[in-house]
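What follows is a single structure, written as structure tokens, with notes after it.
2 protein chains.
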Amino acid sequence: MNRTATAAGPPECARRLIQLGIRPTPQRVQIAALLLSAPQHLSAEQILAALRSSGTRVSKATVYNTLNLFAARGLIRQLSVDGSRAWFDSNTAVHYHFHDTDSGMLIDVPVPEVEFSRLPSPPPGMEVAGIDLVIRLRRKSDTDR
Amino acid sequence: MNRTATAAGPPECARRLIQLGIRPTPQRVQIAALLLSAPQHLSAEQILAALRSSGTRVSKATVYNTLNLFAARGLIRQLSVDGSRAWFDSNTAVHYHFHDTDSGMLIDVPVPEVEFSRLPSPPPGMEVAGIDLVIRLRRKSDTDR
DNA sequence: TTCCTTGCAAAACTTTTGCATTAAA
DNA sequence: TTTAATGCAAAAGTTTTGCAAGGAA
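Chains as they are written, first to last, in the working numbering: chain A, 1 to 145; chain B, 146 to 290.
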């Protein structure tokens, strides 16, 4: 089973939604097609703007409802890298992120590029549900080069 | 120089604010004293409530202004572990976190408990400003034990 | 018919801002 | 006297909710 985002047209998206038990309404299929067209990070507002400018009729509430639904079913992943807004990541494979502090841009870091030689054991009765790693970047200052 | 939060009364807090070039007004000293009384994670609203219930007269705007100021000067650290609100961490030493997905609670993970044997190099012209690691926890389900 | 989905507006929540007032250097 | 900090309320930004209307099963 392919868990990473791959280019997918609306028909393929509709199929994937059905697999997840999600009724493939036009709005949902459009949102899925946009997100899954490539591995990327989009905000709710960006998705709303993109859909509307491409002629899709959709409301803000539906965008949020749909994104939350997709995230709950594991089709996408919600990220909290800065406090200002949520980012929705179409790459659901386990991976990490670079975060450019200046521009706010996110860049995927594939799993093989990070290796933990030591991790703490979770408290009793708890288990690890996932690991979020954000490597914060800043522009090199001229004096440092 | 001690960079970790340590129990500190108002006089010691005032001294520390002055060191950082921050004028030690009563509100600022109270907020610092609350946060630095122990390593902990507090939200702006929690801080406002705690100060008011202890008799300190302070406004919401001042709490936010002060927390942002403290974070900018490195006295505390702002965390984005869930999208809903900012958490302010009085432990400014480099460290990581456990995050209990159910309760929302945060637990510090000291640096020695995590070891990276491999990390990606930053893109050209960029340097690493910091690493945020959040280990998300969930209650072990009964069937798993 | 029955259930689910959508859209719209309003509400809720967190955080920031404008501005008059107050306090400190 | 001059600058900086505070408080209040309003504004701004993001996300959620209530509810009527529409559409699919």
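Yeah, the Cβ is synthetic: ideal placement off N, Cα and C, and Gly gets one too.
- Using beta-carbon distances, aspartate 132 (chain A) counts as an interface residue toward chain B, with a partner under 9 Å.
- For glycine 270 (chain B), the nearest beta carbon of chain A is closer than 9 Å to its own beta carbon.
- Every alpha helix (DSSP H) of 4 residues or more that sits fully in the segment 53 to 110 of chain A is shown, in chain order, as 60 to 73.
- Leucine 278 (chain B) is bridged by DSSP to A:Leu133.
- Assigned with DSSP and collapsed to three states, arginine 28 (chain A) falls in helix.
- Arginine 138 (chain A) sits in a strand when the DSSP states are folded into three classes.
- When secondary structure is reduced to three states using DSSP, leucine 42 (chain A) falls in the strand class.
- For glutamate 12 (chain A), the enclosing alpha helix (DSSP H) has its first and last residue at 10 to 19.
- Non-local C-beta neighbours of glutamine 46 (chain A) in its own chain, meaning closer than 7 Å and more than five positions away in sequence, are absent.
- Using a CB distance cut-off of 9 Å, valine 94 (chain A) does not count as an interface residue toward chain B.
- With contact defined as three or more Cβ pairs closer than 8 Å, the segment 113 to 131 of chain A and the segment 242 to 257 of chain B are in contact.
- For phenylalanine 243 (chain B), the nearest CB of chain A lies under 9 Å from its own CB, placing it at the interface with that chain.
- Within a 10 Å sphere around the beta-carbon of aspartate 89 (chain A) sit 16 or more other beta-carbons, which makes this residue buried.
- Among the residues of chain B, those whose CB is under 9 Å from the CB of alanine 86 (chain A) are Gly228, following chain order.
- Remark: C-beta atoms of arginine 139 (chain A) and aspartate 82 (chain A) do not approach each other more closely than 9 Å.
- When DSSP reads this structure, arginine 263 (chain B) sits in a beta bridge with A:Glu115.
- The C-beta of threonine 66 (chain A) has 16 or more other C-beta atoms within 10 Å across all chains shown, which makes the residue buried.
- The way I'd put it, the segment 51 to 69 of chain A does touch the segment 23 to 33 of chain A; three or more beta-carbon pairs between them come closer than 8 Å.
- In this structure, valine 63 (chain A) places its C-beta atom within 9 Å of the C-beta atom of alanine 44 (chain A).
- Neighbourhood of leucine 137 (chain A) in chain B, by CB distance below 8 Å: Pro267, Pro268, Met271, Glu272, Val273, Ala274, in chain order.
- Per the coordinates, the alpha-carbon of asparagine 91 (chain A) lies some 30 Å from the alpha-carbon of histidine 186 (chain B).
- Annotation for arginine 281 (chain B): His244, Thr246 place their beta carbon closer than 6 Å to its own, counting only its chain and skipping 5 residues before and after.
- Interface criterion met: the Cβ of arginine 118 (chain A) is under 9 Å from a Cβ in chain B.
- Below the 8 Å Cβ cutoff, chain B contributes Ser225, Val226, Asp227, Gly228 as neighbours of serine 80 (chain A), in chain order.
- Contact between leucine 196 (chain B) and leucine 179 (chain B) holds: CB atoms are separated by about 7 Å, below the 8 Å threshold.
- Approximately 16 Å separates the beta-carbon atoms of alanine 72 (chain A) and leucine 36 (chain A); this is outside 8 Å, ruling out the contact.
- For valine 58 (chain A), the closest Cβ of chain B is not nearer than 9 Å.
- Residue contact with chain A for valine 208 (chain B): absent (no Cβ-Cβ distance below 9 Å to any residue of chain A).
- The beta carbon of leucine 224 (chain B) sits closer than 6 Å to the beta carbons of Trp232, Asp234 from its chain, once the five residues preceding and following it are set aside; these are given in chain order.
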